[in-house]
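Reading through the structure tokens given below for one structure.
Numbering (the numbering used here), first residue to last: 963 to 1192.
Have a look at this one:
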């Protein structure tokens, strides 16, 4: 900063300290993303954010209302926020981000005996299977003439996986762990084997991820562990 300008600021510091500078704020409406915690429902989230529940459900067509679990990312439509041009608001945002990161870091998957714990909820399982995972989307190029439906004709949704039924029987529920992708819940999520694929043979699964084909493709190939739930 120019020395002369700095001197002026120093000379008027006491005056500036006694003045209240009005901050111009503007209300804007934009979609927000809520990371679900155990016990969340569309009804509770609609009340929390002051949005219509039908609009909330319409903004999340791929989410089963009966299968909202910790780590699931839910779009909150038209949330009102305050914007301001004053730089002093930045530290509060940083603190909020740090809190979110700390909260996410507490999410762990631990197993003892035949019990697996994820997001504070326990599941019993019969065995674990290590598989190579890829991902797919609802794109027509990936689903052929049948469209964006699973093997049973149900719409594809988060929690759908394609399997080799000789390794994982159709209808099996598993806890998927060890993955890394923004389109999936952190650390772990419950999935059901309701789809098949020509290239899915042996210890391979294909995970449905809502969004574009490019987004699903960015998952690549990852080694994940499945807990076969009882």
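For every residue, glycine included, the Cβ atom is placed at its ideal position computed from N, Cα and C.
Nearest candidate by alpha-carbon position, reference residue 1091, set 1100, 1154, 1188: 1188
Where residue 1082 falls, given that 16 or more other Cβ within 10 Å makes a residue buried: A residue is called buried once 16 or more other Cβ atoms fall within 10 Å of its Cβ, and residue 1082, having fewer, is exposed.
Residue 1032 in three-state terms, based on DSSP: coil
Range of the contiguous alpha helix (DSSP H) that encloses residue 1146: Here residue 1146 belongs to no alpha helix (DSSP H), and DSSP marks it neither H nor E.
Three-pair Cβ contact test at 8 Å for the stretch 1132-1140 versus the stretch 1173-1182: no
The stretch 1008-1017 touching the stretch 1096-1106, judged by at least three CB pairs closer than 8 Å: Too few Cβ pairs lie closer than 8 Å, so no.
Rounded separation between residue 1150 and residue 1032 - CA only: 9 Å
Residue burial classification, residue 1026 (beta-carbon count within 10 angstroms, cutoff 16): Result: exposed.
Nearest-angstrom beta carbon gap, residue 1038 and residue 1006 [assumed within contact, 8 Å]: Wrong, their Cβ atoms sit about 12 Å apart, outside the cutoff.
8 Å contact criterion, which residue 1163 and residue 1126 should meet: CB distance rounded: 5 Å
Same chain, Cβ closer than 8 Å to residue 1171, neighbours up to 5 away in sequence not counted: 1097, 1098, 1099, 1120, 1143, 1145, 1146, 1177, 1178, 1181
Cβ neighbours of residue 1259 in the same chain (closer than 7 Å, five flanking residues each side left out): There is no way to answer for residue 1259, as the model of the chain reaches only from 963 to 1192.
C-alpha gap between residue 1048 and residue 996, whole angstroms: Note that residue 1048 scores a pLDDT of 48, beneath 50, so its modelled location is shaky; the value from the coordinates is reported in the next line. Inter-residue distance for residue 1048 and residue 996 is about 26 Å (C-alpha atoms, whole angstroms).
Same chain, Cβ closer than 7 Å to residue 1166, five either side skipped, listed in chain order: 1093, 1094, 1126
Segments of 3+ residues assigned as beta strand (DSSP E) that fall wholly inside the stretch 1087-1171: 1122-1125, 1135-1139, 1150-1157, 1166-1170
Spatial distance of residue 954 from residue 1021 (CA atoms): Only positions 963 to 1192 of the chain appear in this structure, which leaves residue 954 out of reach.
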